[in-house]
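This report refers to the structure that appears directly beneath it.
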Amino acid sequence: MQDINTEGPDEQDDELYEHYSFTAGKGQEPLRVDKFLMNFIEKATRNKIQQAAKNGNIQVNGVVVKQNYKVKADDVVRVLFEHPPYEFLLTPEDIPLDIVYEDDTLLVVNKPAGMVVHPGHGNYSGTLINALIYHFENLPENSSGRPGLVHRIDKDTSGLLVVAKTEAAMTHLAKQFFDKTSEREYIAIVWGNVEAESGTIEGHIGRHPKNRMQNTVYEDGDQGKEAVTHYAVLERLGYVTNISCRLETGRTHQIRVHMKYIGHTLFNDERYGGDAILKGTTFTKYKQFVDNCFKILPRQALHAKTLGFEHPKTGEWMRFDSELPEDMVACIEKWRSYAKHAME
């Protein structure tokens, strides 16, 4: 099964999380650390433990050791990984969901800005998955072990997500995203006057070589994964432009990375530099105006507005549309008023 990543935050941090910790007893005879751990970790295979050692994930007394290290009395053996322990991640929480459609096969949710889709570093509660497993039992897991999740969008991106309620729906929907037959339209506000009325951005997207919290475009295509974004201008607002983006592929931060690549960073996108004044004048009043816009819209200006797919059970084409959230509407109105005033 394909694990589809759509505009999703999948941050890879260097921090390691403790999954197991054991202190060798006073009478512990010297014993290889891989054999020692097999005696303590339920359902552990020697191969998995040896792989953990190769990855530098086993420490004894705070020092990384190899699999052949001999554990002695009073040694503190710890196993660490890049993700938090699984049992701490999936706790049902009574969080309200804005469900725009539901049947026995799937549901479509309108996610608010600020809600993380799945637990991860720094966000262990309050996520969409915490809410889903509270409201729905026995959701199927995707290839990453995340219940119901077919695709994902960033924490500060609002909009529509489809959630699978059965294994068959999970497989069918994931294949549609992989085969690029689903429909996904986003609305964004970007810095600058986008010259062309419409266009297509093609460029492989991968992890930024110097900033691991960002992705970037690799023009040669030797790195990253294929990414295609189609955009169209909806309204020109002076120093910013309101645009529509249709995804052909679904890479992490795809719209954010692609728009920055062509010189039109998303408005107030802190991670990619859009929270600075990138276009406009040097007047103090203008700076105050932009700061007010940032306060009205305290996140990247991106909303997953339209979602279309074939129903896994009936074969019917399903298409859902959502209203722009109030913060984006208010920001657009302010820029519209400013642009009109500037032209007078």
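Residue numbers (the working numbering): 3 to 346.
Cβ atoms here follow ideal geometry from the backbone N, Cα and C, with glycine treated the same way.
Straight-line gap, residue i to residue j (C-alpha atoms, nearest Å)
i	j	result
LEU326	ALA26	58 angstroms
GLY128	ARG34	41 angstroms
ARG1	LEU39	Here the chain covers residues 3 to 346 and nothing more, so residue 1 does not appear.
GLU29	LEU92	The amino acid occupying residue 29 in the given sequence is Gly; Glu does not appear at that position. Between GLY29 and LEU92, the C-alpha separation is close to 38 angstroms.
ARG154	GLU185	14 angstroms
GLU221	ARG238	28 angstroms
GLU89	GLY161	With a pLDDT of 49 at GLU89, under the threshold of 50, the modelled position of that residue is not reliable, and the figure given next carries that caveat. The alpha-carbon atoms of GLU89 and GLY161 are separated by roughly 28 angstroms.
PRO149	PRO114	19 angstroms
TYR136	GLU95	5 angstroms
LEU109	LYS167	7 angstroms
GLY194	TYR241	5 angstroms
ASN270	ILE51	44 angstroms
ARG209	GLU31	45 angstroms
VAL62	ASN70	12 angstroms
ASP329	PHE179	29 angstroms
PHE42	ALA75	15 angstroms
GLY223	ILE203	14 angstroms
GLN302	ALA170	34 angstroms
ASP12	GLU318	With a pLDDT of 36 at ASP12, under the threshold of 50, the modelled position of that residue is not reliable, and no figure is offered here.
THR284	SER324	37 angstroms
SER246	LEU236	7 angstroms
MET261	ILE334	18 angstroms
ILE298	THR308	23 angstroms
ALA190	THR47	48 angstroms
GLY64	THR267	43 angstroms
LEU280	GLY310	34 angstroms
TYR263	VAL331	25 angstroms
PRO142	MET117	21 angstroms
ARG1	LYS342	The requested residue 1 does not occur in the structure, where the chain is confined to residues 3 to 346.
ASN133	MET172	Position check: residue 133 holds Ala in this sequence, whereas Asn was assumed. Using only the alpha carbons, I get a separation of about 18 angstroms.
LYS212	THR218	10 angstroms
GLU250	GLU228	10 angstroms
ASN294	GLY276	15 angstroms
HIS232	ILE97	34 angstroms
THR107	LYS157	25 angstroms
In DSSP terms, what residue i is bridged to
i	result
GLY310	GLU185, ARG321
LYS72	ARG34
GLY161	LYS113, ALA306
TRP193	VAL242
GLU143	PRO149
PHE24	VAL79
VAL331	Paired residues: none, contrary to the question.
ALA166	LEU108
VAL119	None; VAL119 has no bridge partner.
VAL66	GLN61
Nearest to residue i (by Cα), restricted to the options the options
i	options	result
PHE24	ASN49, GLU197, VAL73	VAL73
HIS313	LYS307, PHE322, HIS305	PHE322
GLY226	SER246, GLN256, TYR233	GLN256
ASP100	THR107, GLN53, ASN59, VAL165	VAL165
LEU82	HIS266, ALA75, ALA54, GLN69	ALA54
LYS182	GLY252, TRP193, GLY147	GLY252
TYR188	MET330, ASN41, LEU304, TYR103	LEU304
GLU139	SER145, ALA341, ILE131	ILE131
ARG338	PHE179, ASP76, THR284, ASN244	ASN244
HIS21	VAL79, VAL67, GLU31, ASN41	VAL79
LYS56	VAL62, GLY64, LYS68, ILE203	LYS68
GLY58	ASN41, ASP36, ASP76, ILE43	ASP36
VAL230	ASN217, TRP319, PHE296, GLY201	GLY201
HIS174	LYS342, VAL152, ALA190	VAL152
ALA234	HIS260, ALA198, ASN217, ILE207	ALA198
VAL259	GLN216, PHE296, VAL102	GLN216
ASP105	HIS266, ASP158, MET320, GLU250	MET320
VAL111	VAL102, PRO121, ALA344, LYS342	VAL102
ILE207	LEU163, ASP158, ALA176, THR254	THR254
Opening and closing residue of the beta strand (DSSP E) in which residue i lies
i	result
THR111	Note that residue 111 is Val in the sequence shown, not Thr. Residues 108-113.
VAL102	101-104
ILE60	60-62
Bounding residues of the alpha helix (DSSP H) (the contiguous stretch that carries residue i)
i	result
TYR288	286-298
GLU169	169-180
TYR136	130-137
ILE51	48-56
Any non-hydrogen atom of the ligand HEM closer than 8 angstroms to residue i Cβ
i	result
ASN144	For the structure depicted, the ligand HEM is absent and the ligand set is empty, with no information on it obtainable.
CB contact check: residue i to chain C, cutoff 9 angstroms
i	result
THR129	No chain C is part of this structure, which consists of one protein chain only.
Unbroken stretches of the beta strand (DSSP E), 3 residues or longer, contained in the segment 195-277: Runs found: 200-204, 206-209, 217-220, 230-238, 242-249.
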